[in-house]
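All remarks here apply to the structure that follows.
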Amino acid sequence: MAAMRTLHTAPASFIVPPAPHLVSPTPTPRAAALPAKAPPAAAATIQSHARPPLSPRVGRRRSCARAASSSAGAVVASVEDAKRDVLIALSQIIDPDFGTDIVSCGFIKDLEISETLEEVSFRVELTTPACPVKDMFEEKANEVVAALPWVKKVNVTMSAQPAQPVYAGDLPEGLKKISNIIAVSSCKGGVGKSTVAVNLAYTLAGMGARVGIFDADVFGPSLPNMVSPENRLLVVNPESKSILPTEYLGVKLVSFGFAGQGRAIMRGPMVSGVINQLLTTTDWGELDYLVIDMPPGTGDIHLTLCQVAPLTAAVIVTTPQKLAFIDVAKGVRMFSKLKVPCVAVVENMCYFDADEKRYYPFGKGSGAQVVQQFGIPNLFDLPIRPTLSSSGDTGIPEVVSDPQGDVAKIFQNLGVCVVQQCAKIRQQVSTAVSYDRSIRAIRVKVPDSDEEFFLHPATVRRNDRSAQSVDEWTGEQKVQYGDVPEDIEPEEIRPMGNYAVSITWPDGFSQIAPYDQLDMLERLVDVPLPATAAVASS
């Protein structure tokens, strides 16, 4: 087999992106606005803790900076010139997490200019209605367009993309319209996991998102005690045979405790079947976030949930004690093996304030130890509060009963963190693997990596390790080298959760290519790319 080399970095002239266009083929998550006093002709960003992604250059490399320019003049000759001026003005607004302007991200839709060339209308489509800077984003979009000399009126409409998972596989019908599935886990009972899950869900709902809660604990469901829906029984649609969730304050709820069975007494395989049925046959409708309150432990139920539902991310709940850290570490390792990113740690029952002092009755450091040892980016401390504890008994979440309190503010910060991290994960997954037709190569940038590389399509196809390509018993290669044309090109590449992509080839074969396998190919195989790639790197 011939070898492939990694392309050299292209000179600066090849890296400069084209003029901003109306719709980008790969929209990235939510955008943010310019600071109020930013110069009108220069790009600006809001401070962000997220690492910006690499710009689409050739070969392995680091990202480069880019400045937006403006060509707005006092007079425009045509509608097309006016649209170009508007897009250049809007390209000053930079997404803080990814360092990309909102025009290139594809956020600007339905741009229209009046016949008199005086009125501008457009829609800003966010990836989530819970975008924490959507109001400021709307304000700055108005500001930069109104600053054009010929504009007398600006009409900005804010919207969000339809809920849909970043997943190419066959999902159960009930999960096909859910954008993000968040697991709240502790792997240890009694640390306040259900309290965090419920209050996080209602925080996200308060931010404008469509939210559901799934209580995955069959042996001891907590949700029925923590919320107060009028209808406390799940109903089955007689026509579709799907489960209709109950609701409380606009959040959809499903729990075994609402099935009229109380707590279950059954063996493990039966429990996994019940969990699978409750989750996948429920008619959730369109949801931006489904929060799963995971049961304690790391057993069959957890593996079932991770296999059935394409989890976007996990939030880990712990307490200051060392014993809690030991159990939580097991859960973090489980999620790591299942390729589910842990985006935040919540350390519950950390402290209380009295006599103008802060006391830590259970010590310090469990949450910080999880963050440091496993590289989880965000840590949130919850105080010991009687109201937070009693809210689990009254049926009214703390963020609902006291939305301006200190606890609600902590959950607000957690909600913003979850929204931002999910957006970042979705962007990374959706753009991790793509096909560059100009050089006839598959571009790979594995999530959470600062490097990208290119692979020859034929190399990827020939190294498929599925049962259709390799005999599972003998290890004999069914697809031979000569069976794959050298000029083969993929027809479609779609993400399969956080761990792999599905590649459809012209012969109808659908190949599942894990990121780890693609990275190994790049390190072990070196196949020369077509001449067009060499031109780009010369």
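Quick note: the sequence shown uses my numbering, first residue 855, plus one each step.
Note that the Cβ used here is the ideal one computed from N, Cα and C, for glycine as well.
The structure displayed is predicted, hence computed values, not measured ones.
By the neighbour-count criterion, in which 16 or more other beta carbons inside 10 Å mark a residue as buried, Gly1060 falls on the buried side. If you ignore the 5 residues before and after Pro1026, its C-beta comes within less than 6 Å of the C-beta of Thr1134, all in its own chain and listed in chain order. The criterion of a C-beta distance shorter than 8 Å is not satisfied by Asp1147 and Ser1096.
Ala995 counts as buried, since at least 16 other C-beta atoms from the protein chains shown sit within 10 angstroms of its C-beta.
Under the three-state reduction of DSSP output, Phe1228 falls in the helix class.
Note on geometry: alpha-carbon atoms of Val1283 and Cys959 lie some 15 Å from one another. Note that the stretch 1164 to 1179 touches the stretch 1030 to 1050; at least 3 beta-carbon pairs, one per stretch, sit closer than 8 Å. Closest in C-alpha terms to Thr1166, from the list Asp1142, Phe1179 and Ala1183, comes Asp1142. In the assembly as shown, Ser1245 is a buried residue. Its beta-carbon has 16 or more other beta-carbons within 10 Å. Rounded to the nearest angstrom, the gap between the Cα atoms of Leu1157 and Glu969 is 59 Å.
For Leu1141, the enclosing beta strand (DSSP E) begins and ends at Leu1141 to Asp1147. The C-alpha of Ala943 lies about 11 Å from the C-alpha of Ala936.
In the three-state scheme derived from DSSP, where H, G and I count as helix and E and B as strand, Phe1189 is classed as helix. Taking a C-beta distance under 8 Å as the contact criterion, Phe1206 and Ile1238 qualify as a contact pair. Residue environment: Val1090 is assigned as exposed (fewer than 16 neighbouring CB atoms within 10 Å of its CB, all protein chains considered).
Considering only Gly1114, Trp1138 and Asp1154, the residue with the shortest C-alpha distance to Ile1129 is Asp1154.
By the CB criterion at 8 Å, Pro983 and Gly1062 fall inside the cutoff. For Gly1269, the enclosing alpha helix (DSSP H) has its first and last residue at Asp1260 to Ser1284. Counting along the chain, Val933 sits inside no beta strand (DSSP E); it lies in the alpha helix (DSSP H) bounded by residues Val933 to Leu944.
A Cβ-Cβ separation of about 5 Å places Thr1358 in contact with Glu1345 under the 8 Å criterion. DSSP, read as helix, strand or coil, puts Asn1202 in coil. Burial state of Phe961 is buried, judged by a 10 Å Cβ sphere holding 16 or more other Cβ atoms. Straight across, the Cα-Cα distance linking Pro1164 with Lys1007 is about 44 Å. Rounded to the nearest angstrom, the Cβ distance from Tyr1289 to Ile1347 is 6 Å, consistent with a contact under 8 Å. For Leu1157, the uninterrupted alpha helix (DSSP H) run begins and ends at Asp1154 to Val1162, by DSSP. Its Cα nearest to that of Leu1309, the residue Met1374 stands out among Cys985, Pro1195 and Met1374. At a Cβ-Cβ threshold of 8 Å, Leu1236 and Asn1202 count as neighbours. In the DSSP annotation of this structure, Ser1076 is not part of any alpha helix (DSSP H), being labelled neither H nor E. Taken in chain order, the complete alpha helix (DSSP H) segments of 4 residues or longer contained in the stretch 1062 to 1108 are 1077 to 1080. Its Cα nearest to that of Phe1189, the residue Ser1040 stands out among Ser1040, Tyr1369 and Leu971.
Per DSSP, Ser1292 lies in no alpha helix (DSSP H) segment and is marked neither H nor E. Distance from the CA atom of Val1081 to the CA atom of Ile1250, rounded to whole angstroms, is 6 Å. Fully enclosed beta strand (DSSP E) runs of no fewer than 3 residues occupy 973 to 980, 1007 to 1014 and 1032 to 1039 of the stretch 964 to 1049, in order along the chain.
Counting C-beta atoms within 10 angstroms of its own C-beta, Asn1053 has 16 or more neighbours from the protein chains shown and is therefore classed as buried.
Pro1251 carries a coil assignment under DSSP once its states are collapsed to helix, strand and coil. If you ignore the 5 residues before and after Val957, its C-beta comes within less than 6 Å of the C-beta of Pro874, Leu941, Leu944 and Ser945, all in its own chain and listed in chain order.
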